[in-house]
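**Q** Structure provided below as structure tokens; questions to follow.
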């Protein structure tokens, strides 16, 4: 356990906590976290998870903009239910990406310490992040499944502190699911109606 893993722990927890509260600052904190985990995972031989961090950088910029300007009239994006079609597209994308990455990592000697699990968690993480960027409630269910798998993967690679972080993430995801679900129950009143 080194300073990169410790800083990854702190920034990762802060990022997910901010996301559960629908705070846009989860994205800049997430960018810092992504840079730290890129270094950590590459040094642990989890190359698909390391490459995922580069994709996260792009998705974080997209999500940051979407949360601030992706709503009605280019306003703040509100929490929404996940469209049914998105579940099918997400599952298909995860399956195809998992298969492709597993073949790629398996074909290159030493490309990953655990090719299938590295690939599966990478694919699920991408689906979950895409859903988070859209503020779809289902993001939390996908993150919970992904984080459970990642706890096992990180323990198998000796990344104990990171595994503990992902146990914390599971709790935060459950909290996020509850908070976002409650937000769907509260009707959004346009500002002009409040002022009038």
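Numbering (the numbering used here), first residue to last: 857 to 1052.
Quick reminder that beta carbons are idealized off the backbone N, C-alpha and C, glycines included.
(1) Short of 7 Å in beta carbon distance, which residues of its chain neighbour residue 1054, apart from the five on each side in sequence? Order them along the chain.
(2) Compare the Cα-Cα distances from residue 1001 to each of 955, 989, 958, 979 and report the closest residue.
(3) Does residue 876 get closer than 7 Å to chain D when you measure Cβ to Cβ?
(4) Would you say the beta carbon of residue 961 is closer than 6 Å to some non-hydrogen atom of the ligand GTP?
(5) Determine contact between the segment 945-958 and the segment 1008-1027, defined as no fewer than three beta-carbon pairs at a distance below 8 Å.
(6) In terms of DSSP beta bridges, what is residue 936 paired with?
(7) Take residue 958 and list the residues in its own chain whose beta-carbon comes closer than 6 Å to its own, dropping the five residues that flank it on each side.
(8) For a minimum of 3 consecutive residues, which ranges assigned as the beta strand (DSSP E) are wholly contained in the segment 875-947?
(9) Below 8 Å, how does it come out for the segment 929-947 and the segment 889-909: are there three or more Cβ pairs, yes or no?
(10) Hey, how far is the Cα of residue 953 from the Cα of residue 1009?
(11) Would residue 883 and residue 927 be called neighbours here (beta carbons separated by less than 7 Å)?
(12) Nearest to residue 1038 by alpha carbon, out of 899, 866, 870, 935?
(13) By the DSSP assignment, the alpha helix (DSSP H) with residue 1033 in it spans what residues?
**A** Straight from the coordinates:
(1) No answer is possible for residue 1054: it lies beyond the span of the chain, which begins at 857 and ends at 1052.
(2) Mapped onto the chain shown, residue 1001 falls at position 145. Here the closest residue by C-alpha is 979.
(3) Here there is only one protein chain, and chain D is not present.
(4) Inclusion of the ligand GTP in the displayed structure is not the case, the ligand content being empty and no account of it being possible.
(5) No, because fewer than three Cβ pairs between the segment 945-958 and the segment 1008-1027 fall closer than 8 Å, the two stretches do not touch.
(6) Locating residue 936 in the chain shown gives position 80, where the first residue counts as 1. 992.
(7) By one-based count along the chain shown, residue 958 stands at place 102. These residues qualify, in order along the chain: 971, 972, 975.
(8) Counting only runs of 3 or more, we get nothing.
(9) The segment 929-947, when compared against the segment 889-909, does not touch it at the 8 Å Cβ threshold.
(10) Working through the chain shown from its first residue, we reach residue 953 at position 97. Working through the chain shown from its first residue, we reach residue 1009 at position 153. The alpha-carbon atoms of residue 953 and residue 1009 are separated by roughly 18 Å.
(11) Against the chain shown, residue 883 aligns to sequence position 27. Against the chain shown, residue 927 aligns to sequence position 71. If you check the CB distance, residue 883 and residue 927 do not come in under 7 Å.
(12) Start at 1 with the first residue of the chain shown, and residue 1038 comes out as number 182. Among 899, 866, 870, 935, the Cα nearest to that of residue 1038 belongs to 935.
(13) Here residue 1033 is taken as the residue at index 177 of the chain shown, counted from 1. Under the DSSP assignment, residue 1033 falls in the alpha helix (DSSP H) whose first and last residues are 1016-1041.
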